[in-house]
Amino acid sequence: QAQLKESGGGLVQPGGSLRLSCVASGITFTLYTMAWYRQAPGKQRELVASINFGDRTVYTDDVKGRFTISRDDAKNTVYLEMNNLKPEDAAVYSCNAVLKTLIYWGQGTQVTVSS
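Residues 10 to 124 (my numbering) are what the sequence shown spells out, left to right.
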């Protein structure tokens, strides 16, 4: 059974950093495109960043230069390094795994940016 488990969220001051982790189980991790999405209250869920099996990355414009997505296939883990966080980055961040028609989601982890 596929499972994605996020960790690393929390409260951080503006300008601070957090690293999110997502550990996958029950899937052939190396084949999947992994992504981070976020959803703030009252807003639609949006793609933050993705990384495919060839380590090609895509970022939404809002986070370019501040966030870095990476993956460790040996650990079945995808990371999101978030620097220079802004209040508008606050949201529930969810991990996503996609392989053709197979799509899996984690439960999400809360990121709060506030002084």
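Virtual Cβ for every residue (Gly too), placed ideally from N, Cα, C.
For LYS52, no beta strand (DSSP E) run applies, since DSSP gives it neither H nor E.
For TYR113, the enclosing beta strand (DSSP E) covers residues 111-114. Judged by beta-carbon spacing, GLY24 lies within the 7 Å limit of ASN93, meaning their Cβ atoms are closer than that value. In the assembly as shown, SER59 is a buried residue. Its beta-carbon has 16 or more other beta-carbons within 10 Å. When beta bridges are read from the DSSP output, PHE76 appears opposite MET91. It is roughly 19 Å from the alpha-carbon of GLY63 to the alpha-carbon of PHE76. Close CB contacts of ALA11 within its chain, under the 6 Å cut and outside five residues either way in sequence, are with GLY35, ILE36 and TYR113 (chain order). No residue range can be given for ALA83, since it is assigned to no beta strand (DSSP E) and is classified by DSSP as neither H nor E. Check the Cα spacing between GLY51 and each of ALA99, LEU13, ALA106 and GLY115: the tightest is with ALA99.
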